[in-house]
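Notes to accompany the following structure.
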Amino acid sequence: MTQYSLDSISALRRLGDNRFQSINLPFWMANSSSKMAYGGCAMVLSINAAAQTVSAGQDKHIYSVLGTFLGPTRTDMPIELHVQEVRETRTFSTRFVVASQQGRSCLSVTVDFIQAPSPSATALLPDFSLEAPQLTHYSKTQPERERISGLIQQGRLPKGFDKVHFKTFAPMDGVAPDTRTVPESVLAQTLSGYITDVKTTQDDLKLVDRRSYWWQRTPSNLSLGAHGEVLYAPTMSTATAMLYCFVLDGASSFVAPVHSRVRLDTISAASSLDFAYRIHGAPIEPGKWYAKEIAVQVGACERTYIEARLWEEDTGRLAATLTEATILRAKQPARL
């Protein structure tokens, strides 16, 4: 069985000046076609490639990643990354990355790095944030495997559901193994859309007010730097930025049908078009608990717009956001 981790999906080798290639093939996860790779693979690889071209001695951290998907990524070939240095100043480094396979572009990304501010400078400026939602504490929730197993034992899920579920979402389980679903979440109460006829605690809310939540924590065994020809994230702040870009992107394409109680087997296409990922303060910390919140804001003309938020558990501050436009198409009725 393939073992997934942030290390395995982000590892690069250098092909030349500002050119890189993924060590491993991108993977499938819940797409309609088994030949189509999950978009998070190209996202993570692009961030790592950009970071490889920024001098580690500058103490710069990622604060913005803006991307546009240009075409599907295949699972049967590696991804190549070409990095262009757009800006290099004392305060900022900007990189434009194109991810491609055999000359066909899959994703373009602009990654911005910023110099860490001095404590004396930040002390003079306002420091504020939205307040985090009130959620069941992570210590009172179960790891996802335990939760699914318990539901099978209770008869709420059929036997064998866990094998199918974790085979489908194995990459997410490997990259973010310390994930706990929050009871208040719509996706938790509908079992990620598997059950559409159950009443949830958010049924009386408008669609745009419904939310799903997870607790997340960074794995403690992330690899950094160069290991022979293999290039991992050069710094821990880059590693956590990559991880939570991948995590916040998760479920974005199908949150609209799940929150609106539409069966997923009625959807013919659900994939990302573009995204904007931003870290709003200091780098995301390893080993610290964060709450992910996701909601749909707009749906029209076979497109949806979603926002995912990442909240610090201890301070309640908004640590990061990812907004995303997705394509959403229903299956056409069979012709007689």
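For the sequence shown, counting from 1, position 231 maps to 231 in UniProt numbering; every step adds exactly one.
Even glycine gets a Cβ: it sits at the ideal position worked out from N, Cα and C.
Bear in mind the structure is a predicted one, so any value in this text is a computation, not a measurement.
(request) Pull up the distance between the alpha-carbon of Lys331 and that of Lys199, whole angstroms please. (result) 25 Å
(request) State the start and end residues of the unbroken alpha helix (DSSP H) segment that holds Gly39. (result) Gly39 to Gln52
(message) Do Gln154 and Glu80 count as a contact pair if the criterion is CB distance below 7 Å?
(response) no
(request) Keeping to the same chain, check which residues put their C-beta closer than 7 Å to that of Ile114; ignore five residues upstream and five downstream. (result) Excluding residues within five positions, the ones whose Cβ falls inside 7 Å are Lys60, His61, Tyr63, Thr91 and Phe92.
(request) To the nearest angstrom, report how far apart Glu302 and Val258 are at their CA atoms. (result) 15 Å
(message) Quick check: the stretch 288-301 against the stretch 221-228, are at least 3 beta-carbon pairs closer than 8 Å?
(response) no
(request) Could you check the C-alpha separation between His137 and Ser105 for me, to the nearest Å? (result) 42 Å
(request) Please name the residue, chosen from Gly316, Ser268 and Gly299, that lies closest to Pro333 on a Cα-to-Cα basis. (result) Ser268
(request) With Ser272 as the anchor, note down where its beta strand (DSSP E) starts and where it stops. (result) Ile267 to Ile279
(message) For Val296 and Leu222, what's the separation of their Cα atoms in angstroms?
(response) Approximately 32 Å, taken between the alpha carbons.
(message) Tell me which residues share the same chain as Pro124 and place their Cβ nearer than 6 Å to its Cβ, disregarding the 5 neighbours each side in the sequence.
(response) The amino acid at residue 124 is misidentified as Pro; the sequence shows Leu. Nothing listed; no residue qualifies.
(request) Count the other CB atoms, across all protein chains shown, that sit within 10 Å of the CB of Val182; report buried if there are 16 or more and exposed otherwise. (result) buried
(request) Could you please give the first and the last residue of the uninterrupted beta strand (DSSP E) stretch that includes Glu80? (result) That run of the beta strand (DSSP E) goes Glu80 to Glu88.
(request) Evaluate Ser55 with the Cβ neighbour count: other Cβ atoms within 10 Å of its Cβ, from every protein chain shown; 16 or more gives buried, anything less gives exposed. (result) exposed
(message) Less than 7 Å between the beta carbons of Tyr213 and Leu135, yes or no?
(response) yes
(message) Let me check understanding here. Comparing Cα to Cα, which of Met43, Thr240, Val164 and Val186 lies closest to Arg211?
(response) Val186
(message) Whole angstroms are fine: how far does the CA of Tyr244 sit from the CA of Ala188?
(response) Roughly 20 Å separates the two Cα atoms.
(request) Helix, strand or coil for Thr110, going by three-state DSSP, please let me know. (result) strand
(request) Quick one: using the 10 Å Cβ neighbour count with 16 as the cut-off for buried, is Thr201 buried or exposed? (result) exposed
(request) Assign Asp112 to one of two classes, buried (16 or more other C-beta atoms within 10 Å of its C-beta) or exposed (fewer than that). (result) buried
(message) I'd like the span of the beta strand (DSSP E) that includes residue 355, first residue to last.
(response) Any answer about residue 355 is impossible in this case: the structure gives the chain only from 1 up to 336.
(request) Pull up the distance between the alpha-carbon of Thr110 and that of Pro143, whole angstroms please. (result) In a straight line, the C-alpha of Thr110 is about 35 Å away from that of Pro143.
(request) From the DSSP output, in three-state form, read off Lys159 for me. (result) coil
(request) Kindly indicate which residue of Ile279, Ile294, Asp17 and Val164 has the alpha-carbon position closest to the one of Arg82. (result) Here residue 82 is His; the residue named in the question, Arg, does not match the sequence. Closest by alpha carbon: Asp17.
(request) Starting from His61, follow the beta strand (DSSP E) in both directions and report where the run begins and ends. (result) Lys60 to Phe69
(request) Please classify Ile9: is it buried, with 16 or more other beta-carbons within 10 angstroms of its beta-carbon, or exposed? (result) Buried is the call here.
(request) Please check the pair Arg309 and Leu318, which I expect to be a contact at CB under 8 Å, by giving their CB distance rounded to whole angstroms. (result) 6 Å
(message) Suppose the cutoff is 6 Å on Cβ atoms and the five residues either side in sequence are ignored; what does the same chain contact list for Ala176 look like?
(response) Gln216 and Val247, listed in sequence order.
(message) Suppose the cutoff is 6 Å on Cβ atoms and the five residues either side in sequence are ignored; what does the same chain contact list for Val98 look like?
(response) His82, Ser105 and Ser108
(message) I'd like to know whether the C-beta atoms of Met242 and Ile47 end up nearer to each other than 7 Å.
(response) yes
(message) Closest to Ile279 by C-alpha separation, out of Trp311, Thr304, Thr190 and Asp265, would be which residue?
(response) Trp311
(request) Note down the Cα distance separating Lys159 from Ile152, rounded to an integer number of angstroms. (result) Cα to Cα, the separation comes out at about 6 Å.
(message) Using only the alpha-carbon positions, how far apart do Ala51 and Tyr194 sit?
(response) 39 Å
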